[in-house]
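The sequence shown finishes on residue 94 if you use numbering that gives the first Met the number 0, and the numbering steps up by one all the way, no holes. Note sheet for the following structure.
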Amino acid sequence: MLTAPTPAPVATLSNAGLMLMVQSARSNLRRVLNHPAFTPERRQKAEGLISKSIDAAQLMKWKALAIAESEKWEDAQLEKEARELGPAAHPNYLY
Numbered sequence: 000m001l002t003a004p005t006p007a008p009v010a011t012l013s014n015a016g017l018m019l020m021v022q023s024a025r026s027n028l029r030r031v032l033n034h035p036a037f038t039p040e041r042r043q044k045a046e047g048l049i050s051k052s053i054d055a056a057q058l059m060k061w062k063a064l065a066i067a068e069s070e071k072w073e074d075a076q077l078e079k080e081a082r083e084l085g086p087a088a089h090p091n092y093l094y
């Protein structure tokens, strides 16, 4: 006689899901921190906090802040490059 498998306890499934969310949030944040706006020293310091955190929501907030900071860095780089270009080589060659 076949019996239906007993379902896993809800708490176990819930904990597994939460840990998966935390691991995913950590991975996403680490990828964002690979941006050149962040020095190796800052990445190393952040790694300590990332590894200790078990709050996926907090990790995602940090990711949003890191993205905003990297965007500001990129804007500053673009402005710097625009100032360094100088006049066009030819009037029809606009860059």
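A virtual CB, placed ideally from N, CA and C, is assigned to each residue, including glycine. Keep in mind it's a predicted model, so treat the numbers as computed, not measured.
So is residue i buried or exposed if we call it buried at 16+ other beta carbons inside 10 Å?
i          : result
residue 25 : buried
residue 65 : buried
residue 49 : buried
residue 9  : Any reading at residue 9 is ruled out, since the residue's pLDDT is 49, under 50, leaving its predicted position unreliable.
Using three-state DSSP, classify residue i as helix, strand or coil.
i          : result
residue 53 : coil
residue 35 : coil
residue 84 : coil
Thinking just about the alpha-carbon of each residue, which of the options is nearest to the one in residue i?
i          : options           : result
residue 56 : 31, 20, 72 and 66 : 20
residue 17 : 69, 52 and 68     : 52
residue 31 : 67, 80 and 40     : 67
Assuming residue i and residue j form a contact by the criterion Cβ under 8 Å, report the distance between their Cβ atoms to the nearest whole angstrom.
i          : j          : result
residue 69 : residue 36 : 4 Å
residue 28 : residue 61 : 6 Å
* When the Cβ atoms of the segment 43-57 are set against those of the segment 75-85, are three or more pairs found closer than 8 Å? -> no
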